[in-house]
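Enquirer:
Residue numbers (my numbering): 1 to 183.
#1: Per the contact definition of three or more C-beta pairs closer than 8 Å, is the stretch 120-132 in contact with the stretch 98-111?
#2: I'd like the list of long-range same chain contacts for residue 93, defined as Cβ closer than 7 Å, with 5 residues on each side in sequence excluded.
#3: Just reading off the alpha helix (DSSP H) that residue 112 is part of, what are its end residues?
#4: Sort 73, 122 and 49 by Cα distance to residue 172 and report the nearest one.
#5: When the Cα of residue 76 is compared with those of 178, 167, 179 and 180, which residue comes out closest?
#6: Around the C-beta of residue 154, are 16 or more other C-beta atoms found within 10 angstroms, so that it is buried, or is it exposed?
#7: Alpha carbon to alpha carbon, what distance is there between residue 59 and residue 161?
#8: For residue 169, which residues in the same chain have their Cβ closer than 8 Å to its Cβ, ignoring the five residues on either side in sequence?
#9: Pick from 120, 142, 149 and 113: whose alpha carbon is nearest that of residue 63?
#10: Which whole-angstrom value describes the C-beta separation of residue 159 and residue 148, a residue pair presumed to lie in contact below a C-beta threshold of 8 Å?
#11: Quick one: Cα of residue 142 to Cα of residue 134, how far?
#12: Do the CB positions of residue 65 and residue 56 come within less than 9 Å of each other?
#13: Going by CA-CA distance only, name the one from 86, 24, 19 and 109 that's closest to residue 67.
#14: Classify residue 192: buried if its beta carbon has 16 or more other beta carbons within 10 angstroms, exposed otherwise.
#15: Can you tell me the Cα-Cα spacing of residue 12 and residue 41, whole angstroms?
#16: Quick check on the DSSP output: the beta strand (DSSP E) that includes residue 167 runs from which residue to which?
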């Protein structure tokens, strides 16, 4: 059985047969007519130009992208947030994260590596350590938990945050309140 067929892919010659002359796919399948050679030459010129401009898009190992996805995941940036920031399919991101996809295009890797922790969704969970430090500083300055809850707009007179993790939205609200009260 042909290896492409076993992977669910059609042979190049079959794909090229339905394409018109002047298409690079047809050139790759073996056609050397003038329009197909011109299409291949144009593709190569564009590829070389992109490389000169630093936009090379060859195949690279996915290790760095996978490590970055795992790093972001530990800091509350999930697959959906990375997808929203990069327009890379969630299935592709999942395959990279799981180690099923070991090689990716350079442009895909660059897009993933450009994502920062600022891309976290509001409902993502992050460690609560910093939030509790800020609250403790405010308490040390004489504010009460009841006063802080009121300033945050809570109906309940208590601060009700978990000790281990909080949402990005709540961490942002506490940071903003801290900045308002200490400046």
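Don't be surprised by glycine CBs; every beta carbon is placed ideally from N, CA and C.
Expert: The relevant details are as follows:
#1: The stretch 98-111 vs the stretch 120-132: no contact.
#2: 69, 79, 82 and 83
#3: 106-113
#4: It is 122 whose Cα lies nearest to the Cα of residue 172.
#5: 167
#6: With fewer than 16 other beta carbons inside 10 angstroms of its own, residue 154 counts as exposed.
#7: 45 Å
#8: The beta carbon of residue 169 sits closer than 8 Å to the beta carbons of 122 and 123 from its chain, once the five residues preceding and following it are set aside; these are given in chain order.
#9: 113
#10: 6 Å
#11: 13 Å
#12: no
#13: Comparing Cα positions, the closest option is 109.
#14: Within the shown structure, residues of the chain are numbered from 1 to 183, placing residue 192 beyond reach of any answer.
#15: 19 Å
#16: 165-167
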